[in-house]
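**Q** As they're listed, the protein sequences go chains A and B. Quick note: the first sequence uses the numbering used here, first residue 1, plus one each step. Quick note: the second sequence uses the numbering used here, first residue 1, plus one each step. Think of the CB as a built atom: it goes at the ideal place given N, C-alpha and C, for glycine as much as any other residue. As the structure is a computational prediction, the values presented were derived from the model and not from experiment.
2 protein chains.
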Amino acid sequence: MQTLTRNQQIVFDIINKSSEPLKAYTILSNVQKKGIKAPPQVYRALDKLIEMGKIHKIESKNAFVACQNSSCNVSKATAFSICESCEEVTEISNSKISKYLSNFAEKAGMEYKKYNLEFFGLCKKCK
Amino acid sequence: MQTLTRNQQIVFDIINKSSEPLKAYTILSNVQKKGIKAPPQVYRALDKLIEMGKIHKIESKNAFVACQNSSCNVSKATAFSICESCEEVTEISNSKISKYLSNFAEKAGMEYKKYNLEFFGLCKKCK
DNA sequence: TTACATAATGTTATTTTATAACAATAAACT
DNA sequence: AGTTTATTGTTATAAAATAACATTATGTAA
Ligand SMILES: [Zn+2]
Ligand SMILES: [Zn+2]
Ligand SMILES: [Zn+2]
Ligand SMILES: [Zn+2]
């Protein structure tokens, strides 16, 4: 369990508190009062947090969310369900989906180190 | 089977001929001799081609590839295998993977309209 | 502790990716 | 022909990410 540096902690806190994915420049503007002044500081913290599996990047949105699983620090495989109406993003339990995908990969003779899966549709509220 | 407009055809041709995913500005610089001069012209063509399912965006790379399946125009669900060494991108047959994912979704009580899946690893050459 | 190496931070400028806004043409429809 | 709709052309700008280099902090080993 790695301990976070000052900037990493600041960036992680704001992502972790947020109910929605945050963009890098939104994070920046929210942490300027804490002394983080420039994009590279944010992006460096984001990179490390991703490496550690504490946060994930939603590629289709260029936005970042805190990990809602416990095992992503190991597998780095991620899966999300994204509402096209309200933009809500939910992380899908790693173990559940991994079983299906490793199953598929095995039958297809495919190997992989990680994956990212994004489902799009309507959440329960918006349906 | 929708027919392409002039700009759409030009942009599609260059993506389709390419052996690797192309970035928007790479496309732009390659079509300037054909009269496409500015980013919006490229991005508009890309948007339409994606809608039609003729090309896909590799989200993790901000790059575009021609569809290698036949059914993407219907489902808009996409899956790729990406080599982390040589950057090779292969589209995974839609029907194969879809079975697994719809299976998963059903058991999880989840609904979706489309998805995007990107596997990362090493291709056969790089392994 | 001091010297060296490594990691993290601060800062400025720039690159890369994507879109807003509006004018001009072309194509489709009535 | 006249009207609507889609596509194109053009300029400017916004948004996302990184390069490059200086500085400070932290860890490690003599
Ligand atoms: Zn996670
Ligand atoms: Zn919703
Ligand atoms: Zn396809
Ligand atoms: Zn390879």
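With the cut-off set at 8 Å, would you say histidine 56 (chain B) and valine 42 (chain B) are in Cβ contact?
**A** Going by beta carbons, histidine 56 (chain B) and valine 42 (chain B) fall outside the 8 Å limit.
**Q** Which residues count as close to ligand 3 when the rule is a CB under 5 Å from any of its heavy atoms, in chain order?
**A** B:Cys67, B:Asn69, B:Cys72
**Q** For the alpha helix (DSSP H) containing serine 98 (chain B), list its first residue and its last residue.
**A** Going by DSSP, serine 98 (chain B) is part of the alpha helix (DSSP H) stretching over 94-108.
**Q** Is the closest heavy atom of ligand 4 to the C-beta of glutamate 118 (chain B) under 7 Å?
**A** no
**Q** Just how far apart, CA to CA, sit serine 102 (chain B) and proline 39 (chain A)?
**A** 40 Å
**Q** Please compile the residues from chain A whose C-beta is within a distance smaller than 8 Å of the C-beta of alanine 108 (chain B).
**A** Ile92, Lys96
**Q** Is the beta carbon of asparagine 69 (chain B) sitting closer than 8 Å to the one on asparagine 94 (chain B)?
**A** yes
**Q** Please classify isoleucine 50 (chain A): does DSSP put it in a helix, a strand, or coil?
**A** helix
**Q** Give the residues of chain B in contact with phenylalanine 120 (chain A), contact being defined as C-beta atoms less than 7 Å apart.
**A** Residues of chain B passing the Cβ test: Tyr112, Lys113, Lys114, Tyr115.
**Q** Can you pull the chain B neighbours of serine 81 (chain A), defined as C-beta to C-beta under 8 Å?
**A** Met110, Tyr112
**Q** So who's on the other strand from valine 65 (chain B), going by DSSP bridges?
**A** In the DSSP output, where bridge partners are listed per residue, valine 65 (chain B) has B:His56.
**Q** Got a sec: is the Cβ-Cβ distance from phenylalanine 64 (chain A) to anything in chain B below 8 Å?
**A** Nearest CB-CB separation between phenylalanine 64 (chain A) and chain B: not below the 8 Å threshold.
**Q** Go ahead and label threonine 78 (chain B) buried or exposed: buried means 16 or more other beta carbons lie within 10 angstroms of its beta carbon, across all protein chains shown.
**A** buried
**Q** Could you please give me the residues that DSSP links to threonine 5 (chain B) through a beta bridge?
**A** DSSP lists no partner for threonine 5 (chain B).
**Q** Provide the residue span of the alpha helix (DSSP H) that contains isoleucine 27 (chain B), from first to last.
**A** 24-31
**Q** Where leucine 12 (chain B) and glutamine 32 (chain A) are concerned, what is the direct C-alpha to C-alpha distance, given to the nearest angstrom?
**A** Per the sequence shown, the amino acid found at residue 12 (chain B) is phenylalanine instead of leucine. Going from the Cα of phenylalanine 12 (chain B) to the Cα of glutamine 32 (chain A) covers about 43 Å.
**Q** Since I believe isoleucine 14 (chain A) is in contact with leucine 4 (chain A) (beta carbons under 8 Å), could you give me their beta-carbon distance rounded to a whole number of angstroms?
**A** At roughly 13 Å, the Cβ-Cβ gap does not stay under 8 Å, so leucine 4 (chain A) and isoleucine 14 (chain A) are not in contact.
**Q** Let me check understanding here. Comparing Cα to Cα, which of B:Ala105, B:Glu84, B:Asn7 lies closest to tyrosine 115 (chain B)?
**A** B:Ala105
**Q** Just to confirm, does serine 85 (chain A) get its C-beta within under 7 Å of one of the non-hydrogen atoms of ligand 2?
**A** yes
**Q** Kindly list the residues whose CB is nearer than 6 Å to the CB of glutamate 84 (chain B), restricted to its own chain and excluding five residues on each side of it in sequence; keep chain order.
**A** Non-local beta-carbon contacts of glutamate 84 (chain B) in its own chain, meaning distances under 6 Å to residues more than five positions away in sequence, involve Phe120 in chain order.
**Q** Let me check you understand the geometry: is the CB of lysine 61 (chain A) closer than 7 Å to at least one non-hydrogen atom of ligand 2?
**A** no
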